[in-house]
Amino acid sequence: MHIKTNINFFLAFILVLIGCQPSTKKEVNQPVSAISQIAKIALTPPMGWNSYNCFGGNVTEAEVKANVDYMAQNLKQYGWEYIVVDFLWYCDDQNSAEKFANRRPHQYIDEFGRLIPSEKLHPSSAEGKGLKPLGDYIHAKGLKFGLHIMRGIPRQAIAGNTPVKNSTAKAAEIANLPDTCVWYGGLTGVNMSKSGSQEYYNSLFEMYAEWGVDYIKVDDIVFPYHADEIEAVRKAIDHCGRPIVLSLSPGPAFIGNPKHLRENANLWRISGDFWDKWSAMKRQLELCRDWAPMVTEGHWPDADMLPLGKLNIRTELKDHSERWTNFTKDESYFLMTLWAIFRSPLMFGGNMPDNDEFTTSLITNEEVIRVNQHTTDNKEIYFENGISIWTAKDKENGKIYMAVLNINDANTKIVLPLDKVEVSKDVKVRDLWMKSDVAKVAGVYVVELAPHGAMLFALE
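So the sequence shown is residues 78 to 537, counted in my numbering.
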């Protein structure tokens with residue numbers, strides 16, 4: 078999640094050539110004959126909140142609970158349900174001078190070398206309770222508990238050579254010391270050829286199941302692609318006996334291998350970290366275009382979090398200032414429209430209690446959320462002169478949805494290509510963002526989009 082450079086697919090392909098991918102076969106939306114047990118846990122794109130965009134590493138328990146309360150009161154009825162605690166919940170340092178590759182803060186571990194919460198950040202975890210009290214609080218509000226973890230085993234466990242639970246192995250024996258994350262030095266990879274390696278991952282997920290975790294985001298595992306540890310995590314989830322949604326990060330995931338991703342995960346990142354920059358938004362459109370044919374039920378290419386609302390309250394970025402999103406209102410509509418029509422998971426990144434009326438309107442529009450949650454055959458049908466047009470079909474009522482996105486820096490007019498979709502001659506056009514029927518037309522309808530703007534229509 079925390080890669081700060083824009084890595085392209087050429088580099089991903091190079092990694093394939095040197096053996097970091099289990100397959101190079103290009104696969105285009107092969108049908109799934111039956112919904113797998115993995116897919117059933119996330120039949121629609123997950124919707125929730127992640128703490129990283131607003132609190133960086135080390136979000137506090139109080140801050141998490143404030144967002145839990147907000148979601149339960151204001152968003153749960155619209156389908157928002159996951160509360161994801163990101164990065165460094167096992168460290169005290171909220172403003173470490175060490176950054177990324179050199180960052181090796183003190184991390185709290187238990188007797189089996191497993192990361193456990195900082196009591197400074199999570200006071201309810203005292204006396205060995207772990208994050209179960211927080212999970213119980215989230216569940217009591219009718220929501221689900223998500224947690225970010227890093228691939229691998231903590232350096233403190235290796236230094237102490239702690240035992241691996243339910244194994245005769247020790248931490249130093251299963252550690253893969255050369256395989257360390259390039260942007261965080263607190264853990265190293267696990268050598269899955271060693272006895273005790275699977276038991277180590279099993280022990281992690283046994284603990285997460287005890288805490289009531291419903292969603293796990295594993296970082297430093299997709300780029301470079303660690304097929305063996307992805308499979309180990311999958312086995313550990315199955316072993317723990319609790320249904321847990323599995324999200325893999327950061328991207329870019331290699332687009333030629335959705336089969337292995339589908340066999341193991343529910344969602345995976347298609348890019349590095351996405352922030353509130355227009356240049357990054359244009360790149361996400363390109364990635365969504367490429368990945369759209371790969372979307373299948375229960376397995377979701379993930380365009381990353383929604384950097385909307387109040388951000389950078391606490392951050393590890395060079396810009397340490399608390400701020401509102403850099404996206405304009407038109408760009409915010411663009412973001413939500415693209416994520417909806419592509420069917421990306423929706424993970425809100427801002428501090429929700431600070432939301433203003435406009436931000437709230439973006440994430441409580443039932444008609445737009447329906448496009449994200451209940452459509453099929455989602456694809457771009459037109460891209461020319463800076464205009465991207467996507468269509469999708471409602472699974473239940475047969476409505477056709479059409480998204481129109483403008484990457485131009487000027488107002489742009491476009492005739493909706495109604496001839497490319499199956500609609501009646503006299504079609505009713507409804508603007509989903511405005512929640513209003515705007516026209517009943519006989520084949521021709523012209524719209525004008527603001528610079529960086531977007532519209533989303535229902536046609537029937």
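Every residue gets a Cβ at the ideal spot worked out from N, C-alpha and C, and that includes glycine.
Residue from the options with nearest C-alpha to residue i
i: Ala519; options: Glu537, Leu325, Trp510; result: Glu537
i: Trp377; options: Gly219, Tyr214, Glu188, Pro335; result: Pro335
i: Pro430; options: Tyr147, Asn135, Gly133, Glu306; result: Tyr147
i: Pro422; options: Ile347, Lys271, Pro240, Ser202; result: Ile347
i: Asp350; options: Pro329, Leu338, Glu363, Gly262; result: Pro329
i: Asp169; options: Gln150, Ala149, Glu196, Asn151; result: Glu196
i: Thr452; options: Asn268, Asp471, Gly212, Ile464; result: Asp471
i: Lys153; options: Lys497, Asp213, Ile446; result: Ile446
i: Leu364; options: Phe331, Gly375, Asp315; result: Phe331
i: Lys294; options: Val241, Gly263, Leu165, Asp353; result: Leu165
i: Gly237; options: Gly229, Lys247, Asn243; result: Lys247
i: Ala116; options: Thr373, Glu443, Pro327; result: Thr373
i: Lys490; options: Leu509, Glu525, Ser513, Glu399; result: Glu525
i: Cys258; options: Gln114, Leu493, Phe300, Thr441; result: Phe300
Nonlocal neighbours in the same chain, by C-beta distance under 6 Å from residue i, ignoring five residues either side
i: Lys476; result: Ala535, Glu537
i: Trp467; result: Ile418, Glu457, Ala480
i: Ala531; result: Tyr410, Phe411, Thr414, Leu482
i: Glu283; result: Cys317
i: Pro210; result: Ser201
i: Lys497; result: Ile458
Supposed close pair residue i, residue j - CB separation, criterion 8 Å
i: Arg420; j: Asn462; result: Not quite, the Cβ-Cβ distance comes to about 26 Å (not below 8 Å), so this is no contact.
i: Ala309; j: Gln275; result: 6 Å
i: Val145; j: Leu220; result: 6 Å
i: Val161; j: Asn127; result: 4 Å
i: Asp407; j: His529; result: 5 Å
i: Leu383; j: Met358; result: So it is not a contact: roughly 11 Å between Cβ atoms.
i: Pro231; j: Gln184; result: 5 Å
i: Ile250; j: Gly273; result: In the sequence under discussion, the amino acid at residue 250 is Glu, which differs from the Ile named in the question. Right, the Cβ-Cβ distance comes to about 7 Å (below 8 Å), so this counts as a contact.
i: Met227; j: Asp291; result: At roughly 19 Å, the Cβ-Cβ gap does not stay under 8 Å, so Met227 and Asp291 are not in contact.
i: Leu325; j: Trp355; result: About 27 Å; that fails the 8 Å criterion.
i: Glu444; j: Gly133; result: With a Cβ gap of about 34 Å, Glu444 and Gly133 do not count as contacting.
i: Asn341; j: Arg366; result: The Cβ separation is near 25 Å, so there is no contact.
8 Å CB neighbourhood of residue i in its chain, flanking five on each side removed
i: Leu495; result: Val504, Val518, Gly520, Val521, Tyr522, Leu536
i: Cys131; result: Gly386, Lys387, Leu388, Asn389, Ile390, Arg391, Gly426, Gly427, Asn428
i: Thr137; result: Leu198, His199
i: Asp454; result: Thr468, Ala469, Lys470
i: Ile112; result: Leu120, Glu374, Gly375
i: Pro122; result: Leu344, Trp377, Arg420, Ser421, Pro422, Leu423, Asn449, Gln450
Residue i: first and last residue of the uninterrupted alpha helix (DSSP H) it sits in
i: Ser274; result: 274-288
i: Lys517; result: Not the alpha helix (DSSP H): Lys517 falls in the beta strand (DSSP E), residues 513-518.
i: Ser356; result: 355-368
i: Ala380; result: Run containing Ala380: none; DSSP gives neither H nor E here.
i: Trp352; result: Per DSSP, Trp352 belongs to no alpha helix (DSSP H) and is neither H nor E.
Cβ pair residue i, residue j closer than 7 Å
i: Asp353; j: Thr405; result: no
i: Gly207; j: Phe222; result: no
i: Gly125; j: Tyr159; result: yes
i: Ala516; j: Val506; result: yes
i: Gly262; j: Arg319; result: no
i: Ser493; j: Trp510; result: Note that residue 493 is Leu in the sequence shown here, rather than Ser. No, the pair does not count as a contact, with Cβ atoms beyond the cut-off.
Beta-carbon contacts of residue i that lie in its chain and below 7 Å, excluding the five residues immediately before and after
i: Tyr167; result: Gln184, Tyr185, Leu192, Ile193, Pro194, Ser195
i: Asn485; result: Gly463, Pro528
i: Ala313; result: Tyr278, Asn279, Leu281, Phe282
i: Asp256; result: Thr265, Gly266
i: Leu120; result: Glu374, Gly375
i: Arg400; result: Leu388, Asn389
i: Leu29; result: The shown model of the chain, from 78 to 537, leaves out residue 29, and the question about it has no answer.
i: Asp508; result: Val515, Met532, Phe534
Limits of the beta strand (DSSP E) - the one that residue i falls within
i: His542; result: Missing from the structure shown is residue 542; the chain here goes from 78 to 537 and no further.
i: Asp256; result: 252-257
i: Asn455; result: 452-461
i: Asn127; result: 124-127
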